Amino acid sequence: MFAGIFSSSLQRKFCEGFLFYPFKQLRRYGNAIYKQYNNKSGIKILLDVQRDIFDFSSYYAGEVARTIQKMAHPQVEKVMKQLESLYVVSREDKHHGLIILPEFNERIIHFYGELNTFQSVVLANLEVEVRMALNRNMDERVTVYFNADHHHNVQKLLKGLIKESNKTVKYIQICMLDDSIYTDICVDGIMDKLIAAIKELTLTQEHLVGLLQHWKGQQLLNGRQIYYN
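For the sequence shown, the numbering used here begins at 1 and goes up steadily by one.
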């Protein structure tokens, strides 16, 4: 049976029922235990259809994978390209350049490095882990159960980028207030566009954190239900 759809009392009664009315020749398919009455019953097809409803691990893994592929990766690449453009403009500033803007350029380079590491290490590894939970063959599928420590570590990395992003946005906003130095590199709204892109990326990272938190909560609930079984 699926551990997440019955209350603990019903689960206990269900299991106790086996003592009085034992079923023979039970089979297992993924997280389901069933009795095969007909070789052509199509039960595996039905279980495949219902998998995403009852298998919370696959559900959250799918949501995380889609968020990374459709939102996180494109947004990181967009911000990195904007940082590259801003860095080029700051270096070509005839009045100030690297002489007056060393801290500004260092901030851009630092944040660029953080994004590059985040994309190539954190997101790449997270994609590999969640892909294991999305194997369509339930008999061969490796179910990913993030333990509490792993949940904490991944969320910590995501929150680290959120913190770094907020610091960068705040720093750029302060720079924009100093028209005497940053007027030339504020042309065409390049810094406004960068701030908007960073904020968009931050919202995506917060969404990923929320998905992992809900995944962890469902895992803990499922663990308690299995204990009662």
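Built from N, CA and C at the ideal position, the CB exists for glycine as well. For clarity, every value in this text was computed on a predicted model and none was experimentally measured.
Separation of the CB atoms of ALA72 and THR204 is rounded to 5 Å, and the pair is thereby assigned contact status at 8 Å. Between LYS216 and GLU77, the alpha-carbon positions lie close to 29 Å from each other. With a cutoff of 8 Å on beta-carbon distance, THR202 and ASN166 are scored as near each other. When the five nearest sequence neighbours on each side are left out, the beta carbons in the same chain lying within less than 7 Å of the beta carbon of VAL209 are those of GLN155, LEU158 and LYS159, in order along the chain. Taking 4 residues as the minimum length, the alpha helix (DSSP H) runs contained wholly in the segment 155-206 are 179-182, in order along the chain. The residues LEU115, LEU194, ALA197, ILE198 and LEU201, in chain order, have a CB closer than 8 Å to that of VAL79 in the same chain once the five nearest residues on each side in sequence are set aside. The three-state secondary structure of LYS35, taken from DSSP, is strand. Taking the Cβ atoms as the reference, PHE118 lies roughly 13 Å from LEU83, outside the contact range of under 8 Å. The beta carbon of ARG107 is closer than 6 Å to those of TYR171 in its chain, skipping five residues each way along the sequence.
Within the same chain, and ignoring the five residues on either side of GLU206 in sequence, the residues whose Cβ sits closer than 7 Å to its Cβ are ILE162. Annotation for LEU115: the continuous alpha helix (DSSP H) segment containing it runs 102-117. Contact annotation, ALA65 with GLU127: C-beta distance approximately 7 Å; criterion of less than 8 Å satisfied.
Between the alpha carbons of ASP149 and ASN39 lies a distance of about 43 Å. Note that the C-beta distance between LEU212 and HIS151 is below 8 Å. If the five residues before and after LEU86 are omitted, its C-beta is found closer than 8 Å to the C-beta atoms of ILE108, ILE185, ILE190, MET191 and LEU194, all from its own chain and listed in chain order.
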